Each structure stands twice: as C-alpha cells, then as structure tokens.
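The opening position of the sequence shown corresponds to residue 669 in my numbering, with each subsequent residue numbered one higher.
Backbone N, C-alpha and C define an ideal beta-carbon position, used for all residues, glycine too.
In this text the structure is predicted, and so the values were computed from the model without any measurement.
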Amino acid sequence: MKTRRTRLGLLALLVLLLLALTTTAFAAPEDPTDLTGTKYVECPDCGALGVVLSDDGQAVPCETCADSGYVGYIQSPSRFFNTIWSLLPPIIAIALALITKEVYSSLFIGILVGGLLYSNFNLEGTLLHVFNDGVADSIAGNVGILVFLVILGIMVCLMNKAGGSAAFGRWAQKNIKSRAGAQLATILLGGLIFIDDYFNCLTVGSVMRPVTDKHKVSRVKLAYLIDATAAPICIIAPISSWAAAVAGFAEDGQGLNLFMRAIPYNFYALLTILMMVGLVLLKADFGPMAKFERNAVDNGDLFSGSNPYAMMDEEIDETHGSVLDLVLPIVVLVISCVIGMIYTGGFFSGVDFITAFSDCDSPLGLMLGSAAGLAFTLVYYAIRRAMSFKTMMDCFPEGFKAMVPAILILTFAWSLNSMTGSLGAKFFVRDFVRSASGIQMLLPVLVFAVGCLLAFATGTSWGTFGILIPIVQNVFSMDNPLAIICISACMAGAVCGDHCSPISDTTIMASAGAQCDHVNHVSTQLPYAISCAVIAGISYLLAGVLAFMGAPGLLALPIGVVLMLAFLFLVRGCAQRAAA
669 MKTRRTRLGL LALLVLLLLA LTTTAFAAPE DPTDLTGTKY VECPDCGALG VVLSDDGQAV
729 PCETCADSGY VGYIQSPSRF FNTIWSLLPP IIAIALALIT KEVYSSLFIG ILVGGLLYSN
789 FNLEGTLLHV FNDGVADSIA GNVGILVFLV ILGIMVCLMN KAGGSAAFGR WAQKNIKSRA
849 GAQLATILLG GLIFIDDYFN CLTVGSVMRP VTDKHKVSRV KLAYLIDATA APICIIAPIS
909 SWAAAVAGFA EDGQGLNLFM RAIPYNFYAL LTILMMVGLV LLKADFGPMA KFERNAVDNG
969 DLFSGSNPYA MMDEEIDETH GSVLDLVLPI VVLVISCVIG MIYTGGFFSG VDFITAFSDC
1029 DSPLGLMLGS AAGLAFTLVY YAIRRAMSFK TMMDCFPEGF KAMVPAILIL TFAWSLNSMT
1089 GSLGAKFFVR DFVRSASGIQ MLLPVLVFAV GCLLAFATGT SWGTFGILIP IVQNVFSMDN
1149 PLAIICISAC MAGAVCGDHC SPISDTTIMA SAGAQCDHVN HVSTQLPYAI SCAVIAGISY
1209 LLAGVLAFMG APGLLALPIG VVLMLAFLFL VRGCAQRAAA
C-alpha cells in the first residue's frame, strides 16, 4: 500500500510538472529578450515584427527567424551573448584608461575586443562588425549631434573674433567696484557662457583677468572660478555640447528629456555653484587657496611666486566689439534650438509645449536650431561689420578643428556602446540586478565614485559618459526613479573627476585662461572639489535610500545644501579663530 501511494504521489508530481511546463510554454512572453538568461536578439530582416500577412493581419516569421521559435527574433550568433564576457569590452576600456590615462586608444581597444567576441574571433567578422555595425552605424545614427557640435565650434570662433568678449571685459572694468563683485561677475559670465566648457575657459579668463587683477583676486582663485563654472555649468544647461553628448547615449531620441530630468539630481554641479557663491560672500577660503588669497590682498602678489606667463605678450582685442556681440548670438542660439526641438516634437501640429519638449527628437532639433543660430550670427556680424567675410569663413574650419576631439570621443563611445549592446551586456546586467536587488539603493553613490575615479584618471568627462551611461541604462528602465538618479550620478562623477584631474583639458585651459601656474591651480582647487564631492556623495547615498524606499530622492538635495552651508560656516569660523 505504501509503495502504491508513493507511486501515485510520484505520478501526480509528474503530471503537475508537465502541466507547469506546458503552462509556461503557452505563457511564454512575446518578447523572448525578457526571459532571464535570454540568447535572443531582434531579427535583422523583420525587426521583431515578423512579416504581416495581408489576408488575416497575422504576423509570421520571415525566412531568417522561421526556425527560432519566436516571431521576429533569432538566436545571437555570438556564444558570448548575455554572459559575463559581454562586460569585457567596457572593463578593458576602463582599465586601459586608468593605466594609460589616454581615452582614445582605450575606447578603440574596447571596441575591438567587442568585435572579436561578437564574431567568435573571426577576423573578417570582427572587422565588419567594428567598422560597419559599430563606427559607421554610430555616425549615421547621430549625424544631428555631430552637426550641432561643428556649428557650435564655428559660433564659438565667430564670437571670439567679433570682440564681444573683450567688450564685456571693458564694461565690467567700469561697473564692478568691489573684490566680491569681481568674483561674482566671473561666476556670472561663466554661467552665461553655458553652451560649451571650452568656450567658457577660452573666454572667461581673458575677459575677467584685468577686472580681478584690479581688485587683488589671486590668479589661482580666478582659475578655480573659471574651472568651476565650465563643466559644472554646462552639465546642467539643456542647450550645450554636453547635453548633446548625453543625448547621444539615449535611445528613441529621448536624450534631452533624460538630461533635463537628471538636472535636479546633479548634486555635485549644483553644490559646486553654491560653494563658489558661498566662498565669495562669506570670505571662507581655506587650505592652500587661503594662503594665496591673503598674499594677494595684503601684498598685492597675485601669484605667490613666479609668473609663468610673465614673458608672454598679451594680445589685445579690437575695440569695435560690443557686449551685444556676445549676448545676442547666444540668446538667439538658445531660442532657435528650443523652437527646433519643440518643432520635432509636434508643437506646431497641435501638441502642447510640455509634451512636444518631452517627445522631441533632440539631435534633429539641435541641428535645426543651431543652423538657424549660425545663420543669424553671420548676418548680424555682417551688418555690424564686426569682421570681414573672409574672416567669417575662416572660422568654419577653425571651429570644426576645435570640436574634433569631442567628435572622436563621441564616435568611439557610441561604437563601444554598440559592441556591448550586440553582446547582450544589458541583459546580463539586468539579470544580475534582478538577483541582487538589495544593493540597488547603493548604486547612485557607487556610480558617482566610479565616475569620479575614471574621469580623474583619464581627464575626460565625455569618455566617462560613453562608458558608464549605457551601463546604467541597461540596469534600469527609465521610468524607475533610481535610473534618473544613477544617470545624474554618472554625469556628476564625471564632472567631479574632470574637475580634480591635473590632466583634464578644462583644468589645463582654466590655468591658461587665468595665466597662473598649473600645479598651483590643481593644488588649491583640489580641497574645494574633494569637499564638495564628499557632500555630493552623501547626498547620492541618501537619494538612493529614499528612492529605493519609495520616497522622493530629490529630498536629498536640500539636505546636501544644508550640509554645504554648515561646512562653509564652520570653515569661516575656524579661519576667524585662527586669525584672532
């Protein structure tokens, strides 16, 4: 009897198991990429839609995906798809960037490794995948952003040669009466020139240097203000080369919407701006910067040592420029880009403004808007006779050359993203996060720390974007609150690391713009940047915990503001006690 019951139990268990398997088979999702451990990719011929028959409207597999078991999907040709090996290309790129401190070759070697894994180490398949599916497709799919960057470089060159920056400097010398006013004017000009950090560094130093010298502001303090209003301002400006770069890493033309949603969570950039203003108003300089500032005020020594630019003959801009030559082209550029973006979102077809801005095709909108801005700038300078026609035309190749490094980094970063995508890295990371959901609340602060380290070692923010943003997007769907916080943490970490790095191009240009010793600039700025990074890291930790628990992650921002103000008041109190 006992044996019979055991056999009946086993039979019942077998029946239940068969029913479960059958039910699972019938309930299998239409999208097999949602399955854990999936090996499926969209069919290259019918694009996950299948072939739609005209008689009954039912989709059927095409010849390519006929034997795959799913309409519109096929098995990946790579045996490394959705395995830990799919993360090898970005890991190699990161490791090489940390070791060599050079981003171009690091990104390209990562791309090459991705091509080898995808083709199962077939040479012909590797070359085709890297250059056809990677580099060529990346450029073709992002032409709008590349055109926007080129036009932006041309406009930067035009504005510099028109004399608008020099005119602002002359106006500032006449109207700024105090030491704090000179520093605040530097911050204001840096905030005004938000379209590109290169433009910021190339302009603010030459414009404000005579003003800050007159009010005995040390050159290293000027360099800090230039550096802190370059990348931190551009990373929260929707109409900028940085916004275009971030937009290039998002899918379905939603990059600008993603960028704007991340702005309130960019704690490092926002706290850096607060710190700058607080340092000026509270006179709370600390660390090596305080020594340089005291020497400038008490002794009139702006350098506290030798001036590396003492033998340089300073070029003086033509006096025919006006402040309007700087302000008006930027205003028109911003307005025309906004119009271009809402146009692509259907605003002029009856869609409301918010929806049109959220659903816009940002690369196309930025390209159309920047083209209109460039046309206006050329006509305006021609009417003003700000420069000759030949000089204006010379700005085209000069502006293009200025943007070549940015274009190269973007192209390699997009190609690396294509490689990791073809290897199913997003599915592997997704499955890992599903199995370890308990660490999600720590991801914002971890992403921020990794971004800081990578950008510090490589000296480039955009290369950091290209590596980290696609990985973050693969972890979360964009409707998850933690996704926006992590995207912003990636951008904030990249800016922070770039801000601290002695090999960063913006740090070097800030030193040159202020005409101060580069080592002095780095050593005086580092305590400020690290202090802000610690407070921003605490804010990201709180934001991750709050979002994971269902509370608004933005509540971490006022906490970070309070911590920053408390830190500044504490520093000022310590300085006053030391002086007494």
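I'd like the span of the beta strand (DSSP E) that includes residue i, first residue to last.
{"i": "VAL1190", "result": "It is not in any beta strand (DSSP E) - VAL1190 instead sits in the alpha helix (DSSP H) that spans 1186 to 1216."}
So is residue i buried or exposed if we call it buried at 16+ other beta carbons inside 10 Å?
{"i": "HIS1237", "result": "As written in the sequence, residue 1237 is Phe, which differs from the His given in the question. PHE1237 should be labelled exposed."}
{"i": "ALA696", "result": "No answer about ALA696 holds up, because its pLDDT of 39 lies below 50 and its placement is not dependable."}
{"i": "MET957", "result": "buried"}
{"i": "ASP1185", "result": "buried"}
{"i": "VAL1239", "result": "buried"}
{"i": "LEU689", "result": "Caution is warranted here: a pLDDT of 33 is assigned to LEU689, below 50, making its placement in the model unreliable, and the coordinate value is therefore given only provisionally. The residue is exposed, with fewer than 16 neighbouring Cβ atoms inside 10 Å."}
{"i": "PHE1144", "result": "buried"}
{"i": "PHE1235", "result": "buried"}
{"i": "ASN967", "result": "exposed"}
{"i": "GLY1228", "result": "buried"}
{"i": "THR1192", "result": "buried"}
{"i": "LEU814", "result": "buried"}
{"i": "CYS1242", "result": "exposed"}
{"i": "GLN851", "result": "buried"}
{"i": "GLN1244", "result": "exposed"}
{"i": "ILE760", "result": "buried"}
{"i": "PRO1226", "result": "exposed"}
{"i": "PHE862", "result": "buried"}
{"i": "PHE1016", "result": "exposed"}
{"i": "SER1083", "result": "buried"}
{"i": "GLU961", "result": "buried"}
{"i": "LYS829", "result": "buried"}
{"i": "VAL1118", "result": "buried"}
{"i": "VAL1202", "result": "exposed"}
{"i": "THR691", "result": "At THR691 the pLDDT is 33, less than 50, meaning the model places this residue with poor confidence; the figure from the coordinates comes in the next sentence. Exposed, by the Cβ-count rule."}
{"i": "ALA846", "result": "According to the sequence displayed, residue 846 carries Ser and not Ala. So SER846 ends up on the exposed side."}
{"i": "ASN868", "result": "buried"}
{"i": "ASP702", "result": "exposed"}
{"i": "SER1056", "result": "exposed"}
{"i": "ARG614", "result": "Since the first residue of the chain shown is 669 and the last is 1248, residue 614 is not available in this structure."}
{"i": "ALA1050", "result": "exposed"}
According to DSSP, which residues form a beta bridge with residue i?
{"i": "ILE742", "result": "VAL709"}
What are the boundary residues of the alpha helix (DSSP H) that residue i is part of?
{"i": "GLY989", "result": "GLY989 -> no alpha helix (DSSP H), and no H or E assigned at all."}
{"i": "THR794", "result": "791 to 796"}
{"i": "ILE1176", "result": "1173 to 1182"}
{"i": "VAL1143", "result": "1129 to 1143"}
{"i": "PRO900", "result": "899 to 902"}
{"i": "ILE1152", "result": "1149 to 1168"}
{"i": "ALA912", "result": "909 to 915"}
{"i": "SER773", "result": "771 to 786"}
{"i": "ASP966", "result": "956 to 967"}
{"i": "GLN851", "result": "847 to 860"}
{"i": "TYR892", "result": "887 to 896"}
{"i": "VAL945", "result": "935 to 950"}
{"i": "PHE1015", "result": "Unbroken run through PHE1015: none, as it is neither H nor E."}
{"i": "PRO1240", "result": "Before going on, a small fix: residue 1240 reads as Arg here, not Pro. Per DSSP, ARG1240 belongs to the alpha helix (DSSP H) from 1224 to 1247."}
{"i": "ALA930", "result": "923 to 930"}
What is the C-beta distance between residue i and residue j, in whole angstroms, given that I count them as a contact (C-beta under 8 Å)?
{"i": "GLY923", "j": "SER1030", "result": "5 Å"}
{"i": "PHE789", "j": "GLY1092", "result": "Not a contact, Cβ separation roughly 17 Å."}
{"i": "THR794", "j": "GLY783", "result": "4 Å"}
{"i": "ALA1219", "j": "PHE1116", "result": "That pair is no contact at about 19 Å."}
{"i": "LEU1032", "j": "THR1045", "result": "About 20 Å; that fails the 8 Å criterion."}
{"i": "PRO932", "j": "LEU1222", "result": "6 Å"}
{"i": "GLY898", "j": "SER1179", "result": "Correcting the residue identity first, residue 898 is Ala in this sequence and not Gly. Rounded, the Cβ-Cβ distance is 12 Å, inconsistent with contact."}
{"i": "LEU1274", "j": "CYS1120", "result": "Summary: the structure shown does not reach residue 1274, with the chain confined to residues 669 through 1248, and so no result is reported for it."}
{"i": "SER1207", "j": "PHE935", "result": "4 Å"}
{"i": "GLY858", "j": "VAL872", "result": "5 Å"}
{"i": "GLY740", "j": "PHE1068", "result": "GLY740 to PHE1068, Cβ: 41 Å. No contact."}
{"i": "VAL945", "j": "ILE855", "result": "7 Å"}
Would you say residue i reaches chain B, if we count a Cβ-Cβ gap shorter than 8 Å as a contact?
{"i": "SER1207", "result": "Absence of chain B from the displayed structure is noted, only one protein chain being present."}
Length at least 4, wholly inside the stretch 1026 to 1103: the alpha helix (DSSP H) runs in chain order: 1030 to 1052, 1057 to 1090, 1093 to 1103
List in chain order: all unbroken alpha helix (DSSP H) runs of 4+ residues lying wholly within the stretch 807 to 839. 811 to 830
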